[in-house]
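*Asks:*
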Amino acid sequence: MTARTLMLVTNRSSHNDDLPNSLTPTIPTALICDNSLLRSGLQRILSETPFIIAEPASVAGSKRFQGLAPEAALVLIEASQNTGRVLEIVKQVREQLPEARIVVLADQFDLRFVRLGRAAGADGFCLAASAPEVLIKWFELVMVGEAVMPSAILRSIAIGTAPDQDQPLHDDMEGPSLSDLKTYKLSAREMEILGCLKEGAPNKLIARKLDITEATIKVHVKAILRKIGASNRTQAAMWASQRLPRTGVSTLNV
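The numbering of the sequence shown is the working numbering, which starts it at 22 and goes up by one.
(1) DSSP state of P71, grouped into three classes?
(2) Hey, quick one: how far does the beta strand (DSSP E) through P1 stretch, first residue to last?
(3) Comparing C-alpha positions only, which one of L231, F160, E109 sits nearest to M259?
(4) Can you have a look at V125 and say buried or exposed, based on whether 16 or more other CB atoms are within 10 angstroms of its CB?
(5) Go through its chain and collect everything with a Cβ distance to R122's Cβ below 8 Å, but skip five positions before and after it.
(6) Suppose you measure from the CA of E211 to the CA of C217; what does that come to, to the nearest Å?
(7) Buried or exposed for S151, going by 16 or more other Cβ atoms inside 10 Å?
(8) Reducing DSSP to helix, strand and coil, say where G105 ends up.
(9) Classify N253 as buried or exposed, calling it buried when 16 or more other Cβ atoms lie within 10 Å of its own Cβ.
(10) What residue range is occupied by the uninterrupted alpha helix (DSSP H) comprising G138?
(11) Around the Cβ of E154, are there at least 16 other Cβ atoms within 10 angstroms (buried) or fewer (exposed)?
(12) So does E116 have its beta carbon nearer than 7 Å to some heavy atom of the ligand ADP?
(13) Look up P146 in the DSSP assignment and give the residues it is bridged to.
(14) Could you tell me if Q64 is buried or exposed, where buried requires 16 or more neighbouring beta carbons within 10 angstroms of its beta carbon?
(15) Compute the Euclidean distance between the alpha carbons of L226 and I110, then round it to the nearest angstrom.
(16) Applying the criterion that 16 or more other CB atoms from any shown protein chain within 10 Å of the CB defines a buried residue, is R264 buried or exposed?
(17) Cα separation between M22 and T70?
(18) Could you check if S68 is buried or exposed, using at least 16 other CB atoms within 10 Å of its CB as the buried criterion?
(19) Is it true that the CB of A228 sits closer than 8 Å to the CB of I238?
(20) Measure the C-alpha to C-alpha separation of R60 and L52 and round it to an integer number of angstroms.
(21) Below 8 Å CB to CB, which residues in the same chain sit around D128 once its five sequence neighbours on both sides are set aside?
(22) Tell me where the alpha helix (DSSP H) around V163 begins and ends.
(23) In its own chain, which residues sit with a C-beta less than 8 Å from the C-beta of L118, not counting the 5 before and 5 after it?
(24) Would you kindly report the start and end of the unbroken alpha helix (DSSP H) that includes L314?
(25) How many angstroms separate the CA atom of T255 from the CA atom of N224?
(26) Is the distance from the Cβ of I233 to the Cβ of L207 below 8 Å?
(27) Is it buried or exposed for K248, if we count other Cβ within 10 angstroms and need 16 for buried?
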């Protein structure tokens, strides 16, 4: 398979005729991917978002991506195989598009690859099996300057430990057991607040639901971020989306 020239769509106003006097801001997005299932899935997931994917290129294609459009603001790179080639591509894209944000997608990551990827110029590392809403949030975070990666790696970095390099780090998308969650030493109240953060609730709404003060919520949120290795509440929400049970966690109903 040869790499194809990336022709980025810069005007989708025809898709927003139902929004008079307003055009949805678009983010020109390049996709470098050989996995047809992942490629079609991403195109479907992002079709109703500001991320406008052009005709995909191939990881196994030409040695340099000469056709990479200069207006690409986000570049998504598949890393399910041939990690050495992926690191080379990250370096090439960074050279050609120094202002673009680069996200690597894979089923799992190990800490060594993440470190090498960061050194090569990648801004984020996302699990390809994540729920659509989680992927979109990750891409949005990257676009505002955040460095994102799976929570297991975030936690390892936060507590200053390096996992076994032969053991890939990945989040269990089926959801961990309660005993797994206990390793984070989250209290019952913190679990409730995490469930609310996952739903995007502000402190005021959480405080009203749990009948405690906003100041107390802030203290709990700070403790949660420290325990799970997240740097902000958005990362905590994504962590919760991946790890908390889909049921059995407090849901907002106000």
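Yeah, the Cβ is synthetic: ideal placement off N, Cα and C, and Gly gets one too.
Quantities reported herein were computed from a predicted structural model and do not represent experimental measurements.
*Replies:* Result, derived from the coordinates:
(1) coil
(2) Outside the shown range of the chain (22 to 275) lies residue 1, about which nothing can therefore be said.
(3) F160
(4) buried
(5) A94, L95, V96, D144, G145, V163, M164
(6) 10 Å
(7) buried
(8) helix
(9) exposed
(10) 132 to 141
(11) exposed
(12) Summarising the ligand content, the structure contains no ligands, and the ligand ADP is consequently not present.
(13) According to the sequence displayed, residue 146 carries Phe and not Pro. BP columns for F146 point to V125.
(14) exposed
(15) 44 Å
(16) buried
(17) Here the model assigns M22 a pLDDT of 30, short of 50, so the residue's position is not dependable, and the following value carries that caveat. Pairing M22 with T70, the inter-Cα distance amounts to about 29 Å.
(18) exposed
(19) The answer is yes: Cβ separation under 8 Å.
(20) 8 Å
(21) S101, L148, A149, A150, H191
(22) Per DSSP, V163 belongs to the alpha helix (DSSP H) from 153 to 164.
(23) L89, P91, A93, V96
(24) There is simply no residue 314 to check, as the chain begins at 22 and stops at 275 in what is shown.
(25) 13 Å
(26) no
(27) By the neighbour-count rule (16 or more Cβ atoms within 10 Å), K248 is buried.
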